[in-house]
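Those protein sequence lines, which keep their order, are chains A and B. Per our numbering, the first sequence starts with residue 1, numbered consecutively. Per our numbering, the second sequence starts with residue 1, numbered consecutively. Notes for the one structure printed next.
2 protein chains.
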Amino acid sequence: MRGSSVGEWPPAWRSTHQRVAVLGALSGCRDFVSARELHATLTLEGTTVGLTTVYRTLRALEQGGRVDVVRERTGERLYRPRPTDGHRHYLVCRRCGLSRTVDADAVERWADNVAAATGFAEVEHTVELTGICEQCHAVTPS
Amino acid sequence: MRGSSVGEWPPAWRSTHQRVAVLGALSGCRDFVSARELHATLTLEGTTVGLTTVYRTLRALEQGGRVDVVRERTGERLYRPRPTDGHRHYLVCRRCGLSRTVDADAVERWADNVAAATGFAEVEHTVELTGICEQCHAVTPS
DNA sequence: TTCGTTGCAAAAGGTTTGCATACCA
DNA sequence: TGGTATGCAAACCTTTTGCAACGAA
Numbered sequence: 001m002r003g004s005s006v007g008e009w010p011p012a013w014r015s016t017h018q019r020v021a022v023l024g025a026l027s028g029c030r031d032f033v034s035a036r037e038l039h040a041t042l043t044l045e046g047t048t049v050g051l052t053t054v055y056r057t058l059r060a061l062e063q064g065g066r067v068d069v070v071r072e073r074t075g076e077r078l079y080r081p082r083p084t085d086g087h088r089h090y091l092v093c094r095r096c097g098l099s100r101t102v103d104a105d106a107v108e109r110w111a112d113n114v115a116a117a118t119g120f121a122e123v124e125h126t127v128e129l130t131g132i133c134e135q136c137h138a139v140t141p142s
Numbered sequence: 001m002r003g004s005s006v007g008e009w010p011p012a013w014r015s016t017h018q019r020v021a022v023l024g025a026l027s028g029c030r031d032f033v034s035a036r037e038l039h040a041t042l043t044l045e046g047t048t049v050g051l052t053t054v055y056r057t058l059r060a061l062e063q064g065g066r067v068d069v070v071r072e073r074t075g076e077r078l079y080r081p082r083p084t085d086g087h088r089h090y091l092v093c094r095r096c097g098l099s100r101t102v103d104a105d106a107v108e109r110w111a112d113n114v115a116a117a118t119g120f121a122e123v124e125h126t127v128e129l130t131g132i133c134e135q136c137h138a139v140t141p142s
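Encoded structure:
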């Protein structure tokens with residue numbers, strides 16, 4: 001979305017072992033994960049972090065534009081570290097969760113045009129693509 | 001409003017006064033409404049309908065593809081009757097909720113191309129556009 | 001009469017908050 | 001030391017479900 005400054009989030013961001021752990025675990029994820037999954041992973045690793053802290057950290061990252069967020073059908077939020085600057089769009093497998101970055105220039109251009117044509121200001125867009133990846137589809141086509 | 005030639009999703013769809021009321025109230029909405037708002041509206045009108053029934057009716061309409069659904073930032077679902085067949089995309093004002101149908105052929109084509117190029121099956125897409133409408137922006141630019 | 005539908009209450013599920021404690025800078 | 005971060009428990013919100021009563025066909 002437009003207008004999010006990617007630089008520095010909270011004025012004072014302390015480096016605690018919990019935050020480092022959350023960031024580390026998140027970085028290790030290639031696909032989208034929920035706060036609960038992240039918390040479970042950390043716990044299994046032996047890291048002591050509260051679920052609340054995971055939520056708070058993810059929210060801070062989200063506000064800072066450092067992660068991409070999609071919503072499950074249930075409303076649950078799934079997070080993924082943002083590879084580079086600017087936002088990305090993904091195609092996520094509904095079966096296994098595999099995510100794949102897709103080229104979304106066409107959508108970006110379209111969104112810009114809509115913004116210009118409608119008179120709306122501060123137009124932001126969310127695009128979510130889901131499907132069944134080749135592997136999953138091979139196992140159970142329908 | 002007219003409800004006779006409605007469609008036929010659930011194998012057996014009984015016409016109860018509650019369902020007629022929900023459909024009527026929903027039809028009267030030009031913009032997106034939540035289940036709670038719909039329920040409140042009906043209650044104010046003097047119609048006795050349970051919140052549960054509103055949810056169930058909306059879910060049935062959603063499954064039958066008779067309403068468009070968007071998600072609030074909070075995760076809350078907002079519904080709007082679908083004008084015609086085929087799904088639509090909207091540009092919604094974050095201040096007043098005003099919604100506007102936008103031409104989304106470009107996005108449809110792009111989604112189809114992505115589906116074809118990635119090997120994913122049953123690709124579905126969700127596109128949500130939000131902004132500040134001209135009126136609201138005139139009142140408080142930022 | 002039959003069986004889908006309703007509504008209340010309670011559960012579920014995810015996310016946020018209050019508040020006392022712990023700890024980084 | 002000062003003020004931020006943490007974590008537990010409880011609160012919140014929206015949505016779903018169990019179940020007995022109801023009512024359309």
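Each residue gets a CB set at the ideal place from its N, CA and C atoms; glycine is no exception.
Segment limits, beta strand (DSSP E) that includes C29 (chain B)
Reading the second sequence from its first residue, position 29 is the one you call residue 29 (chain B). Per DSSP, C29 (chain B) belongs to no beta strand (DSSP E) and is neither H nor E.
Short of 7 Å Cβ to Cβ, which residues in the region 30-44 of chain B face chain A?
none
Pull up the CB-CB distance for T101 (chain A) and R109 (chain A), whole angstroms please, since I reckon it's below 8 Å.
The residue labelled residue 101 (chain A) in the question sits at position 101 within the first sequence. The residue labelled residue 109 (chain A) in the question sits at position 109 within the first sequence. Contact doesn't hold; Cβ gap of about 18 Å is too wide.
Determine the closest residue to T57 (chain B) out of B:T130, B:L38, B:R73, with distance taken between C-alpha atoms.
In the second sequence, the residue the question calls residue 57 (chain B) occupies position 57. Nearest C-alpha to T57 (chain B): B:L38.
Could you name the residues of chain B that W110 (chain A) contacts, counting a contact when the two beta carbons are closer than 7 Å?
As a working mapping, residue 110 (chain A) is identified with position 110 in the first sequence. Simply A106, V107.
Where E122 (chain B) meets chain A, residues with beta-carbon distance less than 7 Å:
Taking the first residue of the second sequence as position 1, residue 122 (chain B) is located at position 122. Residues of chain A passing the Cβ test: G131, I132.
Using the three-state DSSP reduction, which class does H87 (chain B) fall into: helix, strand or coil?
Looking up residue 87 (chain B) in the second sequence gives position 87. The answer is coil: DSSP assigns H87 (chain B) none of H, G, I, E or B.
If you compare alpha carbons, which of B:G28, B:S99, B:R77 is closest to E134 (chain B)?
Walking along the second sequence from the start, residue 134 (chain B) turns up at place 134. Here the closest residue by C-alpha is B:S99.
Cut-off 7 Å between Cβ atoms - residues of its own chain near R19 (chain B), not counting five sequence neighbours on either side
Numbered from its first residue, the second sequence carries residue 19 (chain B) at position 19. Excluding sequence neighbours, R19 (chain B) sits near T57.
Step through the CB atoms of chain A and report whether any lies within less than 9 Å of the CB of V67 (chain B).
Taking the first residue of the second sequence as position 1, residue 67 (chain B) is located at position 67. Output row for V67 (chain B): interface = no.
Nearest to A25 (chain B) by CA position, among B:E45, B:R14, B:E72, is which residue?
As a working mapping, residue 25 (chain B) is identified with position 25 in the second sequence. Closest by alpha carbon: B:E45.
Taking the DSSP output, what are the residues bridged to V69 (chain A)?
Numbered from its first residue, the first sequence carries residue 69 (chain A) at position 69. DSSP lists A:Y79 as partners of V69 (chain A).
Proximal chain A residues relative to L91 (chain B), where beta-carbon distance stays under 8 Å
As a first step, residue 91 (chain B) must be located in the second sequence, where it is residue number 91. Within chain A, the residues near L91 (chain B) are V114, T118, F120, V123.
Leaving out five residues before and five after S15 (chain A) in sequence, what residues of the same chain have Cβ atoms less than 6 Å from its Cβ?
Locating residue 15 (chain A) in the first sequence gives position 15, counting from the first residue. Nothing listed; no residue qualifies.
Classify H17 (chain A) as buried or exposed, calling it buried when 16 or more other Cβ atoms lie within 10 Å of its own Cβ.
As a working note, residue 17 (chain A) is residue 17 in the first sequence. It counts as exposed.
Only counting the same chain, and skipping five residues up and downstream in sequence, which positions put a Cβ closer than 8 Å to that of Y55 (chain A)?
Within the first sequence, numbered from 1, the residue matching residue 55 (chain A) stands at position 55. Result list for Y55 (chain A): A35, in chain order.
Rounded to a whole number of angstroms, what is the C-alpha to C-alpha distance between G97 (chain A) and A40 (chain B)?
Along the first sequence, one-based indexing puts residue 97 (chain A) at 97. Along the second sequence, one-based indexing puts residue 40 (chain B) at 40. Cα to Cα, G97 (chain A) sits roughly 38 Å from A40 (chain B).
Counting only beta-carbon atoms, is P141 (chain B) nearer than 9 Å to chain A?
Reading the second sequence from its first residue, position 141 is the one you call residue 141 (chain B). Chain A contact via Cβ: present.
Classify P104 (chain A): buried if its beta carbon has 16 or more other beta carbons within 10 angstroms, exposed otherwise.
Within the first sequence, residue 104 (chain A) is the residue found at index 104, counting from 1. The amino acid at residue 104 (chain A) is misidentified as Pro; the sequence shows Ala. A104 (chain A) should be labelled buried.
Does the Cβ-Cβ distance between E124 (chain A) and R71 (chain A) come in under 9 Å?
Within the first sequence, the letter at position 124 stands for residue 124 (chain A). Within the first sequence, the letter at position 71 stands for residue 71 (chain A). Result no, Cβ atoms of E124 (chain A) and R71 (chain A) do not sit closer than 9 Å.
Can you tell me the Cβ-Cβ gap for E75 (chain A) and G75 (chain B), rounded? I've got them flagged as a contact below 8 Å.
Here residue 75 (chain A) refers to the residue found at position 75 of the first sequence. Here residue 75 (chain B) refers to the residue found at position 75 of the second sequence. Note that residue 75 (chain A) is Gly in the sequence shown, not Glu. So it is a contact: roughly 4 Å between Cβ atoms.
With DSSP as the reference, please indicate the residues paired to H137 (chain B) in a beta bridge.
For this step, residue 137 (chain B) is matched to residue 137 along the second sequence. In the DSSP output, where bridge partners are listed per residue, H137 (chain B) has none listed.
Determine, using beta carbons only, whether L78 (chain B) and V33 (chain B) come nearer to each other than 9 Å.
As a position in the second sequence, residue 78 (chain B) is number 78, starting the count at 1. As a position in the second sequence, residue 33 (chain B) is number 33, starting the count at 1. Result yes, Cβ atoms of L78 (chain B) and V33 (chain B) sit closer than 9 Å.
Looking at V22 (chain A) and T53 (chain A), is the spacing between their C-beta atoms short of 9 Å?
Along the first sequence, read from residue 1 onward, the residue named residue 53 (chain A) stands at position 53. Along the first sequence, read from residue 1 onward, the residue named residue 22 (chain A) stands at position 22. Yes, the pair counts as a contact, with Cβ atoms nearer than the cut-off.
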